[in-house]
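Engineer: So the protein sequences, as listed, match chains E and D.
So the first sequence is numbered by my numbering: it starts at 1 and just counts up by one.
So the second sequence is numbered by my numbering: it starts at 1001 and just counts up by one.
Glycine included, each C-beta is placed from N, C-alpha and C at the ideal position.
The model shown is predicted, which means the values in this text are computed figures rather than measured ones.
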Amino acid sequence: MNEVDIEARVLQLFLEVAPDVDAAKLRRDVAFRDQFDFDSMDTLNFAIGLHHAFGVEVPETDYRELASLSKAVAYVARRLHERGG
Amino acid sequence: MVSEFRMPSLGPDMESGTLVAWRTHPGARVKRGDVIALVETDKGVIDVEVFGSGTIEELLVEPGTRVPVGTVLARLSGAEQETPLTSIVLPSQPEAKAAIAAERVPTLAPSGRQKISPAARVRARELGIDVTKVPGSGAGGVITLEDVVSYAAATPKAPAAEPAYDMRQVIAKAMSRSKREIPHYYLSLTCSFTAARAFLERHNSSVSIEQRLLPSALLLKAVALAARSMPEFNGCYTDGVFSPATSVNVGMAIAARGGRLVAPAILDVDRKTLQAVMTELRDLTTRVRTGHMRANELAASTITVTSLAEEGVDLIVPAIYPPQVAIVGFGSILERPWIVEGVVQPVPVLTMTLAADHRVTDGRAGARFLAQVRDALQKPEGL
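1) Just to confirm my understanding: we take D:Ala1195, look at its own chain, exclude 5 residues before and 5 after, and list those with CB closer than 8 angstroms. What are they?
2) From D:Glu1040, D:Arg1197, D:Ala1355 and D:Ala1319, pick the residue whose C-alpha is nearest to that of D:Pro1063; which is it?
3) Taking the beta carbon of D:Ala1153 as the centre, do at least 16 other beta carbons fall within 10 Å, making it buried, or is it exposed?
4) Cβ closer than 8 angstroms: which chain E residues qualify as neighbours of D:Leu1214?
5) Is E:Phe36 close to chain D, meaning its C-beta is less than 8 angstroms from at least one C-beta of that chain?
6) Rounded to a whole number of angstroms, what is the C-alpha to C-alpha distance between E:Leu69 and E:Leu11?
7) So D:Arg1289 contacts chain E; which residues on that side make the cut at Cβ distance below 7 angstroms?
8) Does the Cβ-Cβ distance between D:Ile1320 and D:Ile1182 come in under 8 angstroms?
9) Between which residues of its own chain and D:Phe1233 is the CB-CB distance below 7 angstroms, once the five residues before and five after are set aside?
10) Mind checking D:Thr1285: buried by the 16 CB within 10 Å criterion, or exposed?
11) What is the DSSP secondary structure of D:Pro1008, counted as helix, strand or coil?
12) Closer than 8 angstroms, CB to CB, is E:Val56 near chain D or not?
13) Once DSSP output is grouped into helix, strand and coil, what is the label at D:Arg1023?
14) Between the C-alpha atoms of D:Tyr1151 and D:Ala1245, what's the straight-line distance to the nearest angstrom?
15) From the beta carbon of D:Glu1062, is the nearest beta carbon of chain E less than 8 angstroms away?
16) Closer than 9 angstroms by beta-carbon distance: list the chain E residues that pair up with D:Arg1257, in chain order.
17) Excluding the 5 residues flanking D:Pro1110 on each side, which residues of the same chain have their C-beta closer than 8 angstroms to its C-beta?
18) Run through the DSSP bridge pairs and tell me what D:Thr1238 is partnered with.
19) List the residues that DSSP assigns as beta-bridge partners of D:Asp1357.
20) Determine contact between the region 1012 to 1027 of chain D and the region 1064 to 1072 of chain D, defined as no fewer than three beta-carbon pairs at a distance below 8 angstroms.
21) Which two residues bound the contiguous beta strand (DSSP E) that contains D:Leu1076?
22) Counting only beta-carbon atoms, is D:Ile1209 nearer than 8 angstroms to chain E?
23) Please check if any C-beta of chain D sits within less than 8 angstroms of the C-beta of E:Glu60.
24) By a C-beta neighbour count over all protein chains shown, 10 Å radius and 16 as the cutoff for buried, is D:Pro1091 buried or exposed?
25) Who are the near neighbours of E:Asp39 in its chain, counting only those whose CB is closer than 8 angstroms to its CB and skipping five residues on each side?
26) For the region 1265 to 1286 of chain D, which residues have a beta carbon sitting closer than 9 angstroms to at least one beta carbon of chain E?
27) Just tell me which of E:Glu60, E:Gly55, E:Glu7 and E:Asp62 has its CA closest to the CA of E:Gly84.
28) With three or more beta-carbon pairs closer than 8 angstroms as the criterion, would you say the region 1329 to 1341 of chain D touches the region 1199 to 1207 of chain D?
29) Is D:Ser1176 close to chain E, meaning its C-beta is less than 8 angstroms from at least one C-beta of that chain?
30) For D:Pro1215, which of helix, strand or coil comes out of DSSP?
31) Under 8 angstroms between C-beta atoms, does E:Ala77 make it to chain D?
32) Which of the three DSSP states is assigned to D:Asp1047 in this structure?
33) Please name the residue in E:Leu80, E:Arg78, E:Lys71 and E:Arg79 whose C-alpha comes closest to that of E:Ala31.
34) Is the beta carbon of E:Asp42 sitting closer than 8 angstroms to the one on E:Val4?
35) Flag E:Ala24 as yes if its beta-carbon sits less than 8 angstroms from any beta-carbon of chain B, otherwise no.
36) What does E:Gln35 pair with, by DSSP beta-bridge criteria?
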């Protein structure tokens, strides 16, 4: 899975957690919580979504690496690579 | 068997509701769970589901009519009487938004009733059109269905009601009533969150991701246990009398993006495991943010918890949701210098504030209540 595919899927998962967010206005390098009301419940749900979609473990200590779209994409890519995927 | 479909009650303080729109028609076959009407109350617009299966015989109330709780709205034949089912649609839902816009359409022109055919009126509601602006081409200037349709085609659609605005009105109404009627007193207590944080870290690193807990689950449970042991903080004050509740249903103030705020209840929190409380909290938050709540969740709260845990504030001084008699507000969990066994250390601390009703309790009881919440948080494994 290349980064473009990962990004499309990560964005889709983010929008499942925050369906009221306008995807066109999402800035990929800015933290979600600096753009929208995005709290720890959303972060948890986003992490659960990533876990199910990509099969990667997302320990609580890694939540900060999911703070923005670009960070989350990089995180997933790294975790998949580590897993040899 | 003929049965009746009535205006539902969504809480002890609800007296009436406005039928916004029908989602069915006479002769329609409906089954249990189908949404057949939209009702607006001061809690928002509600999707009302039918309680049994059958055929709609008759619709008795016109859209736009405000009627008391219990009023028969429709008759069904061949329906089995069952427990009413309802769910809440927040005003962000496109349908609800349109319904609110429609609700705003005046049914009376300033000079009297608008001359308009029934079909045109219904269509105008659906399209969110102000019928006073539609020129009528029918006999005597009556507005026909065609007039409405061509007006709609020629006119940019009226902007739908701003949900944040509606929600502000709802909140303002409840909070004005609270401040006007309830003699509040406030008590605040700051405690260490060290034990709770250690417990959460330990728990969350040892369970699957779906079973991870957030601090809110602990706070809800701690308040529920205190409410169970001190029932004078758990119940309703109506008509000059306090009635303690037999169960502990904790309302949780949940914000949705766009300035909406609701406080649906998690039922029987005192008797549920932390895991169950957390699962329900996740589910409830998702439904608040995506738009669907159930009626009993809005009606059932016996005490409320509000938390600004992530906003960096020291404390929150909340207003009680009438007819409840207490609310506990939690500020952020913040690193602060704290004295542990005679030594100053950086420690995560949390300030909780109780707002309670002086008609029912006083500060002494309130202090004991907060002390119980604090003690529960110091021994999180007991929650």
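Structural biologist: Walking through what the data contain:
1) If we look at D:Ala1195 and ignore the five residues flanking it on each side, its Cβ neighbours are Leu1377, Gln1378, Lys1379 and Pro1380.
2) If we check each option's Cα against that of D:Pro1063, D:Glu1040 comes out closest.
3) Around the C-beta of D:Ala1153, fewer than 16 other C-beta atoms lie within 10 Å, and the residue is accordingly described as exposed.
4) Counting only Cβ-Cβ distances below 8 angstroms, D:Leu1214 has contacts in chain E at Ser40, Met41 and Leu44, in chain order.
5) So, interface residue.
6) For the pair E:Leu69 and E:Leu11, the Cα-to-Cα distance works out to about 7 angstroms.
7) The contacting residues are Asp20.
8) At a Cβ-Cβ threshold of 8 angstroms, D:Ile1320 and D:Ile1182 count as neighbours.
9) By the criterion of a C-beta distance shorter than 7 angstroms, D:Phe1233 is surrounded in its chain by Ala1227, Ile1303, Val1325, Ala1326, Ala1356, Thr1361 and Phe1369, once the five residues flanking it on both sides are discounted.
10) Per the 10 Å Cβ criterion, buried.
11) Correct three-state label for D:Pro1008: coil.
12) Contact of E:Val56 with chain D is not assigned, every C-beta pair being separated by 8 angstroms or more.
13) Three-state result, D:Arg1023: coil.
14) Each residue's Cα considered, the two are about 54 angstroms apart.
15) Taking Cβ atoms only, chain E never reaches closer than 8 angstroms to D:Glu1062, which makes this a no.
16) Neighbours of D:Arg1257 on chain E, chain order: Ala18, Asp20, Val21, Phe36, Asp37 and Phe38.
17) Caution is warranted here: a pLDDT of 36 is assigned to D:Pro1110, below 50, making its placement in the model unreliable, and the coordinate value is therefore given only provisionally. Result list for D:Pro1110: Thr1132, in chain order.
18) Bridge partners of D:Thr1238: D:Val1241.
19) Answer is D:His1184.
20) Verdict: yes, contact present.
21) Residues Val1072 to Ser1077.
22) Output row for D:Ile1209: interface = yes.
23) Put simply, the CB of E:Glu60 is near chain D, with a gap under 8 angstroms to one of its CB atoms.
24) Caution is warranted here: a pLDDT of 38 is assigned to D:Pro1091, below 50, making its placement in the model unreliable, and the coordinate value is therefore given only provisionally. Buried: at least 16 other Cβ atoms inside 10 Å.
25) Closer than 8 angstroms at the Cβ level, and outside the excluded window around E:Asp39, lie Arg33.
26) Within the region 1265 to 1286 of chain D, Leu1281, Arg1282, Thr1285 and Thr1286 place their CB atoms closer than 9 angstroms to a CB of chain E, listed in sequence order.
27) Residue E:Gly55 is the option with its Cα nearest to E:Gly84.
28) With a cut-off of 8 angstroms, the region 1199 to 1207 of chain D and the region 1329 to 1341 of chain D do not count as touching, because too few Cβ pairs lie within range.
29) Proximity of D:Ser1176 to chain E, defined by a Cβ-Cβ separation below 8 angstroms, is not satisfied.
30) Helix at D:Pro1215.
31) Under the Cβ distance rule, E:Ala77 does not count among the residues neighbouring chain D, no pair being separated by less than 8 angstroms.
32) DSSP places D:Asp1047 in strand when its eight states are reduced to three.
33) Per the Cα distances, E:Lys71.
34) No, the Cβ-Cβ distance between E:Asp42 and E:Val4 is not below 8 angstroms.
35) Here the protein chains are E and D, and chain B is not one of them.
36) None; E:Gln35 has no bridge partner.
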